[in-house]
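Protein chains in written order, with our numbering: chain L, 1 to 356; chain F, 1001 to 1130.
By construction, the Cβ of each residue, glycine as well, lies at the ideal position given by its N, Cα and C atoms.
Treat the numbers as computed from the prediction; the structure is a model and nothing was measured.
Note sheet for the following structure.
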Amino acid sequence: MNLFCVGLSHHTANVATREQFAGSATAESIVRDAGCAEALLLTTCNRVEVYAVSNRRISTDEIARCLIRKIDTDPHDYAPPFYRYEAEKCVQHLFRVASAVDSMVVGESEILGQAKRAYESAKTSSAVGPYLHRLFQRAFRVAKQVRTHTEIARGAVSVGSVAVDLAQRIFGKLSDCKVLVLGAGETSERTARALISRGVSDLRVSNRSMDRACQLAQTVGGQAVPFDDWPAQCREIDILITSTASETPLLTPGKLAPMLRERLDRPLFIIDIAVPRDVDPSVNEMQGVYLYDIDSLQSVAEQSLAMRRQQVAAAEAIIAEHVADFVDLVSRGLHPAARSSEHSSTGQNSLRASEL
Amino acid sequence: MAYGAFALACIAGVMYLVQERQLKTHQLHSIFYHLPPLFDLFAAITRLLWWGFLLYTVGIVSGFFTGHPLPRVQVVAAIAVWLLYAAILQGRHLRWLAPKRVAALCILGFSAALTLLWGITFTAQMHPLP
C-alpha cells in the first residue's frame, strides 16, 4: 500500500492558484476518479491537500486533474506548485499540519477542527478506510499533545484577539466588566463583538452620530450613550475602546485624573485603535491605567508569534517521536488499527513520563 | 499561620508587580501567560493581608496571656510588625494606597518581618536570658 499526500499551500502557491483547485472535488470523487483505495481531501483557506492510499502509484498530475475546477485547463499547462510526500514524509507532514506547525499563523487552532471535519466528511462518504482512519486518529492525538505540552498556542496573534486576551489577563472574568465603545468603526465593532463572545454583557456605544451609535448598539446588543456623556462614563467602565476620527486626543491625563479617583482602584484598560490616536500616550503612566494603541497591540501580537515560533522545535520533537512510532507499526507489517488497543501510544508514554 | 499568610501575600505581590510592569511596558514574556489575572491577584493579596493580620493579632494577644515573662525586644518587634501591617491595611481601606503600592508594601512588610524575626533569634542566641 502506498500512502501519499499531494497538495498546495500558502508556502508554495498564492491564493489565485489555490482557488483553482479548491471546492470542486470531494474525497469520494478522488477515490473514484484517481482509483485510490482510500482518500481524504483537506481544504482550508491556506491549503488544498489530498491524503490517499493506493495499491499502485498514482501521479501528482492525476490527483491535480481530480482537483482542478476548470475542466479545460490542463494541470501541465498551468504548472501549479504541487508538493508530494510519500510514506514517512506524508505521516510527518500530516502531523505537522494538524499540530499547526505548518500553518501561516503558527499554533492557530482552526486547522485541527478543519482536519476533523475533513475526516468526518470523508468517513461519511466511505472514502476513508482503516489506514487513513488510524493515521488521522493519531494525527489528532499528536496535535492535542503538541498543544498541551508546548506553548505553541500561547498568546493572541491578531489585534482583536490581543485586546480581548489582555482584557482577560487584567480582569479575569469579563462578565462583570463594563465596556464603552467610542466611535462606531469597523475595528471597534469587531473588538466589541469579540469581548461579548467572551462574556461581556454591559456594553455602551457612543458616537458623534447618535443614529450610528444606536445602530451599532442594537447590532451588538448594547446601549447607546450621547457623545457628550462619554467622559462621565469613565468613572464606571472597565474597558474603553476608542476609534473616532478626532484630530486631537479626546482623553488626556488632566481629564482622566479626577475620574480615576472615583473608580475605587479598579483598573482601566484602554484600547485606542484610532489613527490619529484618541488618547494621549502619557495616560499610560497613570496608576491603574493600561493603554494600548494599534502599534502596541501589533507589537504584542508579534511577540506572541515569536514565542510560538520558539516552540516549533519542541513540537517537532513530539511529532518525530510519533512519526517513528507510527512508521514502526506499519513496517512491522502490523495493521495500525489492530494494535491500537494493546499498544500504549507514544503520546501516552510521554504524558506518563511528564506526569511522573 | 499568620507568617504563612503574609508570605503568600508577598509572593502574590511579586506576581502582581511583574505582571503590572509587563502590561505597562507592553513587553509580555512567557511568564505573563502563567500568572493569574491582575484583578484576581489583588483580591487575593487583600484577603491574605486581612487573614494574616487577624491571625497575627490573635497570636500577639494570646502571647500576653501565657503567664511567662516576655523579652521586651520580642514584644517591641511583634508590635512593630503588627503596626506595619495595620498601616498597610488602613492605607488600603482609606484608598490612600494604590494596588501597586500595596503589592510593593507586602514584599517590604514581609521582608521587614523576617529580618526582625531573624534579628531577635540572633540576639537571643548571642545574649541568652539568665
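Selected residue, minimal CA-CA separation from residue i, among the options
{"i": "arginine 56/L", "options": "Asn2/L, Val205/L, Ala122/L", "result": "Asn2/L"}
{"i": "glycine 1052/F", "options": "Phe1065/F, Trp1082/F, Pro1071/F", "result": "Trp1082/F"}
{"i": "leucine 256/L", "options": "Ile273/L, Asp229/L, Met286/L, Thr248/L", "result": "Met286/L"}
{"i": "leucine 40/L", "options": "Leu260/L, Ser158/L, Gln168/L, Gly129/L", "result": "Gly129/L"}
{"i": "alanine 87/L", "options": "Ala122/L, Cys234/L, Ser54/L", "result": "Ser54/L"}
{"i": "lysine 123/L", "options": "Ile111/L, Phe136/L, Gly113/L, Leu112/L", "result": "Phe136/L"}
{"i": "glutamine 1022/F", "options": "Ala192/L, Ala313/L, Val323/L, Val300/L", "result": "Val300/L"}
{"i": "phenylalanine 1006/F", "options": "Tyr1085/F, Leu1097/F, Ile1120/F", "result": "Tyr1085/F"}
{"i": "proline 1036/F", "options": "Gln114/L, Ile170/L, Ala156/L", "result": "Ile170/L"}
{"i": "valine 289/L", "options": "Ser282/L, Ser296/L, Asp295/L, Phe269/L", "result": "Phe269/L"}
{"i": "isoleucine 1107/F", "options": "Thr1025/F, Gln1027/F, Leu1048/F, Lys1024/F", "result": "Leu1048/F"}
{"i": "cysteine 36/L", "options": "Gln20/L, Ser296/L, Ala27/L", "result": "Ala27/L"}
{"i": "valine 147/L", "options": "Tyr131/L, Ile111/L, Arg117/L, Ser126/L", "result": "The amino acid at residue 147/L is misidentified as valine; the sequence shows arginine. Among Tyr131/L, Ile111/L, Arg117/L, Ser126/L, the Cα nearest to that of arginine 147/L belongs to Ile111/L."}
{"i": "cysteine 45/L", "options": "Ile58/L, Val105/L, Ile30/L", "result": "Val105/L"}
{"i": "arginine 309/L", "options": "Ser209/L, Leu203/L, Gly155/L, Ile58/L", "result": "Gly155/L"}
{"i": "proline 226/L", "options": "Ser59/L, Ala192/L, Val181/L, His133/L", "result": "Val181/L"}
{"i": "tyrosine 119/L", "options": "Thr60/L, Leu132/L, Ser331/L", "result": "Leu132/L"}
{"i": "arginine 208/L", "options": "Asp61/L, Leu329/L, Ile68/L, Ala224/L", "result": "Ala224/L"}
{"i": "alanine 313/L", "options": "Leu203/L, Gly23/L, Glu151/L, Arg212/L", "result": "Glu151/L"}
{"i": "isoleucine 68/L", "options": "Ala213/L, Tyr292/L, Asp265/L, Ile30/L", "result": "Ile30/L"}
{"i": "alanine 34/L", "options": "Thr252/L, Glu62/L, Gly23/L, Gly107/L", "result": "Glu62/L"}
Classification of residue i by the beta-carbon crowding that lies within 10 angstroms, buried from 16 upward
{"i": "histidine 11/L", "result": "exposed"}
{"i": "proline 258/L", "result": "exposed"}
{"i": "methionine 307/L", "result": "buried"}
{"i": "glutamate 262/L", "result": "exposed"}
{"i": "alanine 1002/F", "result": "buried"}
{"i": "phenylalanine 1039/F", "result": "buried"}
{"i": "serine 304/L", "result": "buried"}
{"i": "cysteine 90/L", "result": "buried"}
{"i": "aspartate 229/L", "result": "exposed"}
{"i": "arginine 1092/F", "result": "buried"}
{"i": "asparagine 14/L", "result": "exposed"}
{"i": "alanine 1012/F", "result": "buried"}
{"i": "glutamine 311/L", "result": "buried"}
{"i": "glutamate 38/L", "result": "buried"}
{"i": "glutamine 1125/F", "result": "exposed"}
{"i": "glycine 160/L", "result": "buried"}
{"i": "arginine 18/L", "result": "buried"}
{"i": "aspartate 272/L", "result": "buried"}
{"i": "alanine 232/L", "result": "exposed"}
{"i": "serine 9/L", "result": "buried"}
{"i": "cysteine 5/L", "result": "buried"}
{"i": "phenylalanine 947/F", "result": "Residue numbering for chain F in the displayed model covers 1001 to 1130; residue 947/F lies beyond these limits and cannot be assessed."}
{"i": "phenylalanine 1110/F", "result": "buried"}
{"i": "alanine 16/L", "result": "exposed"}
{"i": "histidine 322/L", "result": "buried"}
{"i": "serine 282/L", "result": "exposed"}
{"i": "leucine 356/L", "result": "Interpretation of leucine 356/L is limited by its pLDDT of 39, a score under 50 that renders its predicted location unreliable; no figure is taken from the coordinates."}
{"i": "proline 1099/F", "result": "buried"}
{"i": "leucine 1054/F", "result": "exposed"}
{"i": "alanine 1113/F", "result": "buried"}
Residue i at chain C interface by Cβ criterion, 8 angstroms
{"i": "glycine 155/L", "result": "Annotation note: the requested chain C is absent from the structure, which comprises protein chains L and F."}
Residue i: CB within 7 angstroms of a non-hydrogen atom of the ligand COA
{"i": "valine 146/L", "result": "The ligand COA is not among the ligands present in this structure, which contains no ligands whatsoever."}
Sufficient close CB pairs (3 or more, under 8 angstroms) joining the segment 89-100 of chain L to the segment 46-66 of chain L: yes
Members of the segment 1081-1106 of chain F near chain L, C-beta cut-off 8 angstroms: Arg1095, Ala1098, Pro1099, Lys1100
Sufficient close CB pairs (3 or more, under 8 angstroms) joining the segment 275-282 of chain L to the segment 140-158 of chain L: no
The segment 1099-1110 of chain F touching the segment 1008-1020 of chain F, judged by at least three CB pairs closer than 8 angstroms: yes
Three CB pairs or more closer than 8 angstroms across the segment 241-249 of chain L and the segment 182-191 of chain L: yes
Contact residues within the segment 169-183 of chain L, judged by C-beta distance below 7 angstroms to chain F: Arg169, Ile170, Phe171, Gly172
Chain F contacts made by the segment 255-280 of chain L, where a contact means CB separation under 8 angstroms: Leu264, Asp265, Arg266, Pro267
Stretch pair the segment 1027-1047 of chain F + the segment 1071-1079 of chain F: three plus CB contacts closer than 8 angstroms: no
Residues from the segment 204-231 of chain L in contact with chain F, defined by Cβ distance under 9 angstroms: none
Where the segment 1037-1050 of chain F meets chain L: residues whose CB sits under 7 angstroms from a CB there: Pro1037, Leu1038, Phe1039, Asp1040
Near-chain F residues of the segment 294-327 of chain L - C-beta to any C-beta below 8 angstroms: Ser296, Ser299, Val300, Gln303, Ser304, Met307
Inside the segment 274-314 of chain L only - alpha helix (DSSP H) runs reaching at least 4 residues: 294-310
Entirely enclosed alpha helix (DSSP H) segments - the segment 32-114 of chain L, minimum 4 residues: 60-67, 75-78, 87-98
The segment 195-204 of chain L / the segment 169-181 of chain L touching (three or more Cβ pairs under 8 angstroms): yes
Chain L contacts made by the segment 1011-1024 of chain F, where a contact means CB separation under 8 angstroms: Gln1019, Leu1023, Lys1024
Meets three-Cβ-pair contact criterion under 8 angstroms: the segment 315-333 of chain L and the segment 162-170 of chain L: no
Beta strand (DSSP E) segments (min. 3 residues) lying fully within the segment 113-193 of chain L: 178-182
Beta strand (DSSP E) runs contained entirely in the segment 191-225 of chain L, provided each spans 3 or more residues: 202-206, 223-225
Within 8 angstroms of chain L by C-beta, residues of the segment 1107-1119 of chain F in sequence order: none
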